[in-house]
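Q: For the record, in the sequence shown the residue sitting at position 30 is 122 according to UniProt numbering, with numbers rising by one throughout.
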Amino acid sequence: SYGEDAGDEDDLQARPPVVTVMGHVDHGKTRLLDTIRKTTVHEGEAGGITQHIGAYQVATSLEDRERLITFIDTPGHEAFTAMRARGAQATDIAVIVVAADDGVMPQTVEAINHAQAAAVPIVVAVNKIDKEGANPQKIRQQLTEYGLVAEEYGGDTMFVDISAKQGTNIEGLLEAILLTADAALDLRANPDMEAQGVAIEAHLDRGRGPVATVLVQRGTLRVGDSIVAGDAYGRVRRMVDEFNEDILEATPSRPVQVIGFTSVPGAGDTFLVVEEDRTARQIAERRAARNRAAQNAQKRK
Ligand code: GDP
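Following this line, the structure appears as structure tokens:
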């Protein structure tokens, strides 16, 4: 069934944290995701990330060990709440961006509420410290009101002062994400089962047909797998990553673009791999019929 790792403790292996960036409009979420994408790339990927697929992975080192972090590449809490509404929790850690020259604003508070309601640990990125009038300490003070007390004041929330524009202290932010994950979460999954996860975005491509970016949450997704996501199904014909390179298998926390669905899944739909094409089709068709019935019932109201 969806949502559980097969096997026992011994089958679980560490997986990278999945991060969503949230915060008030214009506080620098998009710029931050851009800067992270540009400054930290996988070893051997000299060209950097070449396409937006809805999520990307970066490598960073912590205590001399290379570690990966997965970023959902859609800033804001809409994607976060849409996925939760469908029963999929894709995010492990929320980075709340607050502009140091502006302070805590309504959408900052909203973002914090969403993260806290989902019991997702928060790292605060105090952004725009390059600007005149930036007051990072004031942000720390303001956020105590929302239960976010900085470590240096005896709390357990990591605050990191950054400039997304100048690329200042991005490594510090990535380190804080990993330290928070290590302290607060036990991020493990069984890679040795049929894949399950969530579709984070999908569209109809003129040349390639339905294309969906999926985040693998457990198991390993492989080319050739029969897959069902919401009421869409298909066979994984091809997978490409954010470097636009073909990949043959994707392990937990890895986002990949999947080509081979016969229709376009919905963003936020959970997916699973099944043994046979026929089963995938049956599950999808049953769900489609249920959706149609629900829509008709809605119309009659
Ligand atoms: P979003 O609405 O939260 O995604 O905000 P954006 O990333 O679009 O940023 C809003 C504006 O602030 C843009 O003009 C950015 O270039 C600018 N900006 C973002 N980060 C910084 C920063 O660290 N310093 C300065 N000076 N400007 C920034």
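Where a beta carbon is used, it is the ideal one built from N, C-alpha and C, also for glycine.
1. How many angstroms separate the CA atom of ARG330 from the CA atom of TYR245?
2. So is the beta-carbon of GLY352 under 8 angstroms away from any non-hydrogen atom of ligand 3?
3. Report the rounded CA-to-CA distance for ARG392 versus ARG382, giving the unit in angstroms.
4. With a threshold of 8 angstroms on Cβ separation, who are the neighbours of SER153 within its own chain once the five nearest residues in sequence on each side are excluded?
5. Secondary structure at MET197, three-state DSSP: helix, strand or coil?
6. Count the other CB atoms within 10 Å of the CB of GLU243; is the residue buried (16 or more) or exposed (fewer)?
7. Under 8 angstroms: does the beta carbon of LEU124 sit that close to some heavy atom of ligand 1?
8. Taking 8 angstroms as the cut-off, does the CB of GLY225 come closer than this to any heavy atom belonging to ligand 1?
9. For the alpha helix (DSSP H) containing ASN388, list its first residue and its last residue.
10. Give a yes or no on contact between the region 313–325 and the region 355–373, applying the rule of three or more CB pairs nearer than 8 angstroms.
11. Between GLN181 and ALA210, how many whole angstroms is the CB-CB distance? I'm expecting something under 8 angstroms.
12. Whole alpha helix (DSSP H) runs in the region 278–335 with 4 or more residues, listed along the chain?
13. Is HIS116 near ligand 1, with its Cβ less than 8 angstroms from a heavy atom?
14. VAL187 and VAL111 look like a contact to me (Cβ under 8 angstroms); what is the Cβ gap, rounded to whole Å?
15. Do the region 251–263 and the region 199–206 make contact, defined as three or more Cβ pairs closer than 8 angstroms?
16. Figure out for me which residue from LYS130, MET285, GLN258 has the closest Cα to the Cα of VAL308.
17. Ignoring anything shorter than 3 residues or poking outside the region 201–273, list the beta strand (DSSP E) runs there in chain order.
18. Under the three-state reduction of DSSP, which class applies to LEU104: helix, strand or coil?
19. Could you give the distance in angstroms between the alpha-carbon of VAL252 and the alpha-carbon of VAL216?
20. Could you work out which residue in GLY225, ASN227, ASP248 is closest to THR236 when comparing CA atoms only?
21. Start and end of the alpha helix (DSSP H) containing THR183?
22. Could you tell me which of GLU334, ILE231, GLN149 sits nearest to THR142, measuring between CA atoms?
23. Just to confirm, are THR200 and VAL190 a CB contact at a threshold of 9 angstroms?
24. Report yes if the C-beta of PRO167 is less than 8 angstroms from at least one heavy atom of ligand 1; otherwise report no.
25. Given a cut-off of 9 angstroms on the beta-carbon distance, is the pair ILE231 and ILE185 in contact?
26. From GLU368 to ARG310, what distance separates their C-alpha atoms?
27. Using a 10 Å radius around the Cβ and a threshold of 16 neighbouring Cβ atoms, would you call THR162 buried or exposed?
28. With respect to 8 angstroms, is the separation between the Cβ of ALA207 and the closest non-hydrogen atom of ligand 1 below this value?
29. Taking C-beta to C-beta, are THR312 and VAL348 nearer than 9 angstroms?
30. Grab me the residues of ALA268's own chain with a C-beta within less than 7 angstroms of its C-beta, minus the 5 sequence neighbours each way, in chain order.
A: From the atom records:
1. Residue numbering aside, residue 330 sits at position 238 when the sequence shown is read from its first letter. Residue numbering aside, residue 245 sits at position 153 when the sequence shown is read from its first letter. Distance between the alpha carbons of ARG330 and TYR245: 50 angstroms.
2. Ligands present in the displayed structure are limited to ligand 1, and ligand 3 is not among them.
3. Working through the sequence shown from its first residue, we reach residue 392 at position 300. Working through the sequence shown from its first residue, we reach residue 382 at position 290. If you take the alpha carbons of ARG392 and ARG382, they lie about 16 angstroms apart.
4. Residue mapping note: residue 153 aligns to position 61 of the sequence shown, counting from 1. Hits under 8 angstroms: ARG159.
5. As a working mapping, residue 197 is identified with position 105 in the sequence shown. Coil.
6. Here the question's residue 243 lines up with position 151 in the sequence shown. So GLU243 counts as exposed.
7. What you label residue 124 is simply residue 32 of the sequence shown in a count that begins at 1. True, at least one ligand heavy atom lies under 8 angstroms from that Cβ.
8. By 1-based counting over the sequence shown, the position of residue 225 is 133. Outside the cutoff, so no.
9. Position 296 of the sequence shown, counting from 1, holds the residue named residue 388. Taken as a continuous stretch (DSSP letters only), the alpha helix (DSSP H) holding ASN388 covers 369–392.
10. yes
11. Counting from 1 along the sequence shown, the entry for residue 181 is found at position 89. Counting from 1 along the sequence shown, the entry for residue 210 is found at position 118. That belief holds up - the Cβ atoms of GLN181 and ALA210 are roughly 6 angstroms apart, short of 8 angstroms.
12. none
13. Within the sequence shown, numbered from 1, the residue matching residue 116 stands at position 24. At least one heavy atom of ligand 1 is nearer than 8 angstroms to the Cβ of HIS116, so yes.
14. Walking along the sequence shown from the start, residue 187 turns up at place 95. Walking along the sequence shown from the start, residue 111 turns up at place 19. About 6 angstroms; that satisfies the 8 angstroms criterion.
15. The region 251–263 makes no contact with the region 199–206; the number of CB pairs closer than 8 angstroms stays below 3.
16. Here residue 308 is taken as the residue at index 216 of the sequence shown, counted from 1. Closest option to VAL308, judged by alpha-carbon separation, among LYS130, MET285, GLN258: MET285.
17. 214–219, 250–253
18. On the sequence shown, position 12 is the one that residue 104 refers to. Three-state DSSP puts LEU104 in coil, outside helix and strand.
19. Mapped onto the sequence shown, residue 252 falls at position 160. Mapped onto the sequence shown, residue 216 falls at position 124. Their backbone Cα atoms lie some 6 angstroms apart in a straight line.
20. Position 144 of the sequence shown, counted from the start, is the residue given in the question as residue 236. For THR236, the nearest C-alpha among the options comes from ASP248.
21. Position 91 of the sequence shown holds residue 183. Careful: THR183 lies outside any alpha helix (DSSP H) and carries neither H nor E.
22. Position 50 of the sequence shown, counted from the first residue, corresponds to residue 142. Comparing alpha carbon positions, the residue from GLU334, ILE231, GLN149 closest to THR142 is GLU334.
23. Here residue 200 refers to the residue found at position 108 when the sequence shown is read from its first residue. Here residue 190 refers to the residue found at position 98 when the sequence shown is read from its first residue. Their beta carbons are under 9 angstroms apart, which means THR200 touches VAL190 by this criterion.
24. Within the sequence shown, residue 167 is the residue found at index 75, counting from 1. Yes, Cβ of PRO167 sits closer than 8 angstroms to a heavy atom of ligand 1.
25. In the sequence shown, residue 231 corresponds to position 139, counting from 1. In the sequence shown, residue 185 corresponds to position 93, counting from 1. Their beta carbons are not under 9 angstroms apart, which means ILE231 does not touch ILE185 by this criterion.
26. The count along the sequence shown starts at 1 and reaches residue 368 at position 276. The count along the sequence shown starts at 1 and reaches residue 310 at position 218. Rounded to whole angstroms, GLU368 to ARG310 spans 19 angstroms at the Cα level.
27. The count along the sequence shown starts at 1 and reaches residue 162 at position 70. So THR162 counts as buried.
28. For the purposes of this step, residue 207 is taken as residue 115 along the sequence shown, with counting starting at 1. No, Cβ of ALA207 sits at least 8 angstroms from all heavy atoms of ligand 1.
29. Sequence index remark: in the sequence shown, residue 312 carries index 220 (1-based). Sequence index remark: in the sequence shown, residue 348 carries index 256 (1-based). Their beta carbons are not under 9 angstroms apart, which means THR312 does not touch VAL348 by this criterion.
30. On the sequence shown, residue 268 is found 176 positions in, with the first residue counted as 1. Cβ within range, chain order: VAL215, MET250, VAL252.
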